[in-house]
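*Asks:* Read the sequence shown against our numbering and you will find it ends at 922, with the numbers running on by one and no gaps. Each residue gets a CB set at the ideal place from its N, CA and C atoms; glycine is no exception. Values in this document were obtained by computation on a predicted structure and should not be read as measured data.
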Amino acid sequence: MKKGCLIALIALALLALAAVAVLGIAYAKANKQFGLTEAPAVSHETLATGSTVLRIVFKPDTMTSFLEQLIPAEATPPALAKLGYTPQSLLPMFLPREIAILAAPDFASNKLKVTVFLNEKRGGPLLQDAINNGTYTQGKKPLDNFPLIKWAPEGALLPERGNFELMGELAIPDTVETAILKSWKPTPPVEPVRIEGSHHLELVMDNRNGDILAIYAAFMAAQGQDWEAPLKDPQVGAMISGILPDILDIRASADLKDFDNANINLRVDATAEKGPSLEFVVKMIWPNILEAAAKNGVTLTGDPVWDAQKGALLVDLQVSGFKPMLEKSLNRSLPGAEASKKASR
Numbered sequence: 578m579k580k581g582c583l584i585a586l587i588a589l590a591l592l593a594l595a596a597v598a599v600l601g602i603a604y605a606k607a608n609k610q611f612g613l614t615e616a617p618a619v620s621h622e623t624l625a626t627g628s629t630v631l632r633i634v635f636k637p638d639t640m641t642s643f644l645e646q647l648i649p650a651e652a653t654p655p656a657l658a659k660l661g662y663t664p665q666s667l668l669p670m671f672l673p674r675e676i677a678i679l680a681a682p683d684f685a686s687n688k689l690k691v692t693v694f695l696n697e698k699r700g701g702p703l704l705q706d707a708i709n710n711g712t713y714t715q716g717k718k719p720l721d722n723f724p725l726i727k728w729a730p731e732g733a734l735l736p737e738r739g740n741f742e743l744m745g746e747l748a749i750p751d752t753v754e755t756a757i758l759k760s761w762k763p764t765p766p767v768e769p770v771r772i773e774g775s776h777h778l779e780l781v782m783d784n785r786n787g788d789i790l791a792i793y794a795a796f797m798a799a800q801g802q803d804w805e806a807p808l809k810d811p812q813v814g815a816m817i818s819g820i821l822p823d824i825l826d827i828r829a830s831a832d833l834k835d836f837d838n839a840n841i842n843l844r845v846d847a848t849a850e851k852g853p854s855l856e857f858v859v860k861m862i863w864p865n866i867l868e869a870a871a872k873n874g875v876t877l878t879g880d881p882v883w884d885a886q887k888g889a890l891l892v893d894l895q896v897s898g899f900k901p902m903l904e905k906s907l908n909r910s911l912p913g914a915e916a917s918k919k920a921s922r
């Protein structure tokens with residue numbers, strides 16, 4: 578090989594390496610700014626503590642078949658559309674694996690600690706910047722839309738990809754702990770109450786130490802309302818104080834079947850002594866619940882039943898007729914049941 582050809586090949590190789598290096602640096606910079614690579618799976622349990630008594634967990638990526646029907650094809654950015662991307666192909670790449678809200682009462686400071694967690698797949702840094710630095714109408718920042726919670730001054734955190742955190746707190750009224758100690762003897766739970774993890778939406782509330790009062794009181798006080806008002810009512814107060822201390826935990830899950838039908842399961846674990854009384858109270862108010870739902874065009878099918886063997890009040894609900902409410906809130910029509918079934922196949 579002639580010396581001139583060898584020099585040309587070496588020059589071409591160096592140029593190729595330089596191009597790869599430049600592209601690599603550019604991608605690394607873009608990835609740091611926008612979160613282009615897929616983040617690892619991280620559970621909300623990494624942020625839960627022994628004091629966490631409330632967990633609300635939503636699994637967006639399990640609802641891809643429903644959510645993709647809400648996004649028209651023309652909403653895809655033109656540059657991505659030219660590459661053949663559609664909402665159906667983009668959503669699985671960007672939908673978070675889970676979004677969770679955790680709450681933990683801290684009576685040493687009389688604060689209810691609130692944590693919002695998001696296991697993002699892509700776009701975490703972009704979301705963090707939008708929340709911390711973005712402004713909307715009337716100069717409001719995104720967190721200004723949630724004034725009940727006092728958010729941490731550092732705003733949204735992303736200590737590592739896949740672990741998006743937002744911390745806040747609410748004040749717990751001074752009288753709450755005294756009220757709890759009247760009916761509960763605080764004991765450290767042996768095992769935390771966790772979600773099952775197999776539903777679109779789940780909620781678990783640990784009430785073994787009466788923390789449901791702390792959460793209720795904190796949110797009522799944040800709205801400027803007297804949290805003790807129900808307890809002061811002779812009938813309501815007697816009913817609450819007579820049953821609430823025997824409720825150990827509350828579990829609820831919801832799964833969407835289509836845009837007009839869903840399954841909701843409720844389980845309230847209670848002591849064997851008060852279980853039948855709990856069933857009686859719920860059955861007394863059940864017709865009012867059905868009537869309120871019917872006024873909004875929603876049909877609830879299912880009845881509360883005390884299962885002595887499981888030590889729990891169980892409610893297996895079939896919910897239907899809420900599609901018009903969804904369409905009104907979204908200001909658009911939604912696909913029918915058949916379209917949803919086809920999309921989920």
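(1) So what does DSSP say about G745, is it helix, strand or coil?
(2) Is the beta carbon of L704 less than 9 Å from the beta carbon of A733?
(3) Which same chain residues, not among the five before or five after G801, have their C-beta less than 8 Å away from its C-beta?
(4) Tell me the start and end of each unbroken alpha helix (DSSP H) in the stretch 644-688 that is at least 4 residues and wholly inside, in chain order.
(5) Taking E737 as the reference, which of G700, I866, W804 has the closest Cα?
(6) Determine the closest residue to L725 out of A748, D846, D835, with distance taken between C-alpha atoms.
(7) Please go through the same chain and pick out, in chain order, the residues whose beta-carbon is closer than 6 Å to the beta-carbon of F684, but skip the five residues on each side of it.
(8) Please classify L689 as buried or exposed, where buried requires at least 16 neighbouring CB atoms within 10 angstroms.
(9) If I measure Cβ to Cβ from M902 and keep anything under 8 Å in the same chain, skipping five residues before and after, which residues do I get?
(10) Below 6 Å CB to CB, which residues in the same chain sit around I757 once its five sequence neighbours on both sides are set aside?
(11) Would you identify the three-state DSSP class for F857, choosing helix, strand or coil?
(12) Taking Cβ to Cβ, would you say L855 is nearer than 9 Å to L867?
(13) Does DSSP classify N608 as helix, strand or coil?
(14) Go ahead and label D846 buried or exposed: buried means 16 or more other beta carbons lie within 10 angstroms of its beta carbon, across all protein chains shown.
(15) Between L644 and L668, which are expected to be in contact by the criterion C-beta below 8 Å, what is the C-beta distance as a whole number of angstroms?
(16) For P736, does the three-state DSSP call read helix, strand or coil?
(17) Around the C-beta of T712, are 16 or more other C-beta atoms found within 10 angstroms, so that it is buried, or is it exposed?
(18) Starting from N840, trace the beta strand (DSSP E) in both directions and tell me its first and last residue.
(19) From what residue to what residue does the alpha helix (DSSP H) around L703 run?
(20) Within the continuous beta strand (DSSP E) that includes L891, where are the two ends?
(21) Verify whether the separation of the beta carbon atoms of I708 and T692 is less than 9 Å.
(22) How is the beta strand (DSSP E) around S830 delimited, first residue to last?
(23) How would you call Y604, buried or exposed, if buried means at least 16 neighbouring beta carbons within 10 angstroms?
(24) Which residue's Cα is closest to the Cα of D706: L735, P682, K717?
(25) Does L624 come out as helix, strand or coil in the three-state DSSP assignment?
(26) For A798, which residues in the same chain have their Cβ closer than 8 Å to its Cβ, ignoring the five residues on either side in sequence?
(27) Tell me which residues share the same chain as L778 and place their Cβ nearer than 6 Å to its Cβ, disregarding the 5 neighbours each side in the sequence.
(28) Within 10 angstroms of the Cβ of K717, are there 16 or more other Cβ atoms? Answer buried if so, exposed if not.
(29) Would the beta-carbon of T641 fall within 9 Å of that of L672?
(30) Please classify T876: does DSSP put it in a helix, a strand, or coil?
(31) Have a look at N740, F796, A889 and flag the residue whose alpha-carbon is nearest the alpha-carbon of D823.
(32) Please state if the CB of I841 and the CB of L894 are separated by a distance shorter than 9 Å.
(33) To the nearest angstrom, how far is it from the Cα of G661 to the Cα of P649?
(34) Taking the alpha carbon of P763 as the point to measure from, which residue in T663, A885, P682, L647 has its own alpha carbon closest?
(35) Quick one: give me the first and last residue of the alpha helix (DSSP H) that V813 is part of.
*Replies:* This is what the structure gives:
(1) Translated into positions along the sequence shown, residue 745 becomes position 168. Looking at G745 - three-state DSSP - the assignment turns out to be strand.
(2) On the sequence shown, position 127 is the one that residue 704 refers to. On the sequence shown, position 156 is the one that residue 733 refers to. Closer than 9 Å, so yes.
(3) As a working mapping, residue 801 is identified with position 224 in the sequence shown. Excluding sequence neighbours, G801 sits near nothing in its chain.
(4) 655-659, 664-671
(5) One-based indexing of the sequence shown puts residue 737 at position 160. For E737, the nearest C-alpha among the options comes from G700.
(6) Mapped onto the sequence shown, residue 725 falls at position 148. If we check each option's Cα against that of L725, A748 comes out closest.
(7) Start at 1 with the first residue of the sequence shown, and residue 684 comes out as number 107. Closer than 6 Å at Cβ, skipping near neighbours: E754.
(8) Taking the sequence shown and counting its residues from 1, the one referred to as residue 689 is at position 112. So L689 ends up on the buried side.
(9) Taking the sequence shown and counting its residues from 1, one reaches residue 902 at position 325. Closer than 8 Å at Cβ, skipping near neighbours: N873, G874, V875.
(10) Numbered from 1 along the sequence shown, position 180 holds the residue referred to as residue 757. The answer, listed in chain order, is G787, L790.
(11) On the sequence shown, residue 857 is found 280 positions in, with the first residue counted as 1. The three-state reading of DSSP puts F857 in helix, counting H, G and I together.
(12) Here residue 855 refers to the residue found at position 278 of the sequence shown. Here residue 867 refers to the residue found at position 290 of the sequence shown. In this structure, L867 does not lie closer than 9 Å to L855 by Cβ.
(13) For this step, residue 608 is matched to residue 31 along the sequence shown. For N608, the predicted structure reports a pLDDT of 49, less than 50, and the residue's modelled location is therefore unreliable. The matter cannot be settled from this model.
(14) By 1-based counting over the sequence shown, the position of residue 846 is 269. D846 comes out buried.
(15) Position 67 of the sequence shown, counted from the first residue, corresponds to residue 644. Position 91 of the sequence shown, counted from the first residue, corresponds to residue 668. Their Cβ separation, rounded to whole angstroms, is 6 Å, which keeps L644 and L668 in contact under 8 Å.
(16) Within the sequence shown, residue 736 is the residue found at index 159, counting from 1. In this structure, P736 counts as strand in the three-state DSSP scheme.
(17) Mapped onto the sequence shown, residue 712 falls at position 135. With fewer than 16 Cβ atoms within 10 Å of its Cβ, T712 is classed as exposed.
(18) Within the sequence shown, numbered from 1, the residue matching residue 840 stands at position 263. For N840, the uninterrupted beta strand (DSSP E) segment begins and ends at 838-847.
(19) Translated into the one-based positions of the sequence shown, residue 703 becomes position 126. That run of the alpha helix (DSSP H) goes 701-710.
(20) For this step, residue 891 is matched to residue 314 along the sequence shown. First-last of the beta strand (DSSP E) with L891: 889-897.
(21) Walking along the sequence shown from the start, residue 708 turns up at place 131. Walking along the sequence shown from the start, residue 692 turns up at place 115. Contact: no.
(22) Here residue 830 is taken as the residue at index 253 of the sequence shown, counted from 1. Segment 824-835, the beta strand (DSSP E) holding S830.
(23) The residue labelled residue 604 in the question sits at position 27 within the sequence shown. Unreliable placement is indicated for Y604, whose pLDDT of 42 sits below 50; the coordinate value is still reported in the next sentence. The residue in question, Y604, is exposed, as its Cβ has fewer than 16 Cβ neighbours within 10 Å.
(24) What you label residue 706 is simply residue 129 of the sequence shown in a count that begins at 1. Comparing Cα positions, the closest option is L735.
(25) Translated into the one-based positions of the sequence shown, residue 624 becomes position 47. Coil.
(26) Counted from its first residue, the sequence shown places residue 798 at position 221. Hits under 8 Å: L747, A748, I749, P750, W804.
(27) Looking up residue 778 in the sequence shown gives position 201. The answer, listed in chain order, is F635, A831.
(28) Mapped onto the sequence shown, residue 717 falls at position 140. With fewer than 16 Cβ atoms within 10 Å of its Cβ, K717 is classed as exposed.
(29) Counted from its first residue, the sequence shown places residue 641 at position 64. Counted from its first residue, the sequence shown places residue 672 at position 95. Yes, the pair counts as a contact, with Cβ atoms nearer than the cut-off.
(30) Counted from its first residue, the sequence shown places residue 876 at position 299. Collapsing the DSSP output to three states places T876 in a strand.
(31) Walking along the sequence shown from the start, residue 823 turns up at place 246. The candidate whose alpha carbon is nearest that of D823 is A889.
(32) Translated into positions along the sequence shown, residue 894 becomes position 317. Translated into positions along the sequence shown, residue 841 becomes position 264. Cβ atoms of L894 and I841: closer than 9 Å.
(33) Position 84 of the sequence shown holds residue 661. Position 72 of the sequence shown holds residue 649. In a straight line, the C-alpha of G661 is about 15 Å away from that of P649.
(34) In the sequence shown, counting from the first residue as 1, residue 763 sits at position 186. Nearest C-alpha to P763: P682.
(35) As a working mapping, residue 813 is identified with position 236 in the sequence shown. From DSSP, the alpha helix (DSSP H) with V813 extends over 811-820.
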